[in-house]
Amino acid sequence: MSRAWFITFEGIDGAGKSTHIEGLADWFRSQGRQVTLTREPGGTPLSEKLRELVLHQAMDPLTEALLMFAARREHLLQVIEPALARADVVLCDRFTDATFAYQGGGRGFDWRVLQTLEQWVQHLPPAADLRQPDLTVWFDLPPEVAAQRLSSARVPDKFEAQPVEFFRQVRAAYAKRMQEMPQRFARIAADQDRPSVWRDVLQSVAERVHESR
Ligand code: TMP
1 MSRAWFITFE GIDGAGKSTH IEGLADWFRS QGRQVTLTRE PGGTPLSEKL RELVLHQAMD
61 PLTEALLMFA ARREHLLQVI EPALARADVV LCDRFTDATF AYQGGGRGFD WRVLQTLEQW
121 VQHLPPAADL RQPDLTVWFD LPPEVAAQRL SSARVPDKFE AQPVEFFRQV RAAYAKRMQE
181 MPQRFARIAA DQDRPSVWRD VLQSVAERVH ESR
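To convert, note that position 101 of the sequence shown is 101 in my numbering; the numbers rise steadily by one, no gaps.
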């Protein structure tokens, strides 16, 4: 049986990940794989309620980080772990790197506290190791380019409404996470045209999937 895959997608708002995630879901399905397509914050009824709160209400940075991890815990237990146990391909639009990037980088919240929360939430006994993505596709682009793409988009949520400087910090924190765990990251230059981004995304995912066969 083909092995399970846990693949996450990251980037600042406006990086354009959504269409490529859909494209990858189709690509895996065309190879006969079961795909679980999900997102954070969200993915379960309770986590979607928490999403509504964190995206639309002002709150203390620790409260915000705790709610992100609370939503994640539910999502892991109810959706991600059962899907991986079935050997699905789990494609998750954002995961813990987003908490380090947005709450750690953007809000300036303590990196070590986030690492402690990560240990608590992603430790799933009897496994000794933390649950981490097998691969994280990081759509990287300058915040100025992302801001231009977003300006014509829908009504912004709490994060989308942040100034460019916030997203500079978010981007720097993604780079720091990649430095800490380079083996699971694939950085995509997301300021190219859409077909070129798709080519790079597919190539990086196909390489990992095929080399582990
Ligand atoms: P989305 O618009 O890509 O669905 O993401 C929702 C927003 O939530 C996005 O602006 C990033 C933010 N976010 C955090 O601040 N921390 C997190 O841990 C996650 C998963 C998302």
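Glycine is no exception: its CB is placed at the ideal position from the N, C-alpha and C atoms.
It should be emphasised that the depicted structure is a prediction, and the values quoted were computed from it without experimental measurement.
Query raised in the report: Going by the C-beta, is ALA172 closer than 6 Å to any heavy atom of ligand 1?
Result: Counting from 1 along the sequence shown, the entry for residue 172 is found at position 172. No.
Query raised in the report: How big is the Cα-Cα spacing for ALA4 and PHE185?
Result: In the sequence shown, residue 4 corresponds to position 4, counting from 1. In the sequence shown, residue 185 corresponds to position 185, counting from 1. Their Cα atoms are separated by approximately 18 Å.
Query raised in the report: Around the Cβ of ARG51, are there at least 16 other Cβ atoms within 10 angstroms (buried) or fewer (exposed)?
Result: The residue labelled residue 51 in the question sits at position 51 within the sequence shown. ARG51 should be labelled buried.
Report task. Can you check DSSP and say which residues form a bridge with TRP111? Result -> Here the question's residue 111 lines up with position 111 in the sequence shown. None, per the DSSP bridge assignment.
Query - Boundaries (first-last residue) of the alpha helix (DSSP H) holding ALA206 - result: For the purposes of this step, residue 206 is taken as the residue at position 206 of the sequence shown. Going by DSSP, ALA206 is part of the alpha helix (DSSP H) stretching over 194-211.
Query - Closest residue to ASP193 among ARG208, LEU150, LEU141, GLU211 (Cα-Cα distance) - result: Against the sequence shown, residue 193 aligns to sequence position 193. Among ARG208, LEU150, LEU141, GLU211, the Cα nearest to that of ASP193 is on LEU141.
Query raised in the report: Is any heavy atom in ligand 1 found nearer than 6 Å to the beta carbon of PHE159?
Result: Within the sequence shown, residue 159 is the residue found at index 159, counting from 1. Yes, Cβ of PHE159 sits closer than 6 Å to a heavy atom of ligand 1.
Query - Cross-strand partners of TRP138 (DSSP beta bridge) - result: Taking the first residue of the sequence shown as position 1, residue 138 is located at position 138. When beta bridges are read from the DSSP output, TRP138 appears opposite GLU10, ARG187.
Query - The alpha helix (DSSP H) enclosing LEU67, as first and last residue numbers - result: For the purposes of this step, residue 67 is taken as the residue at position 67 of the sequence shown. Run containing LEU67: 61-75, per the alpha helix (DSSP H) assignment.
Query - Residue range of the unbroken alpha helix (DSSP H) whose run includes VAL170 - result: Working through the sequence shown from its first residue, we reach residue 170 at position 170. First-last of the alpha helix (DSSP H) with VAL170: 164-180.
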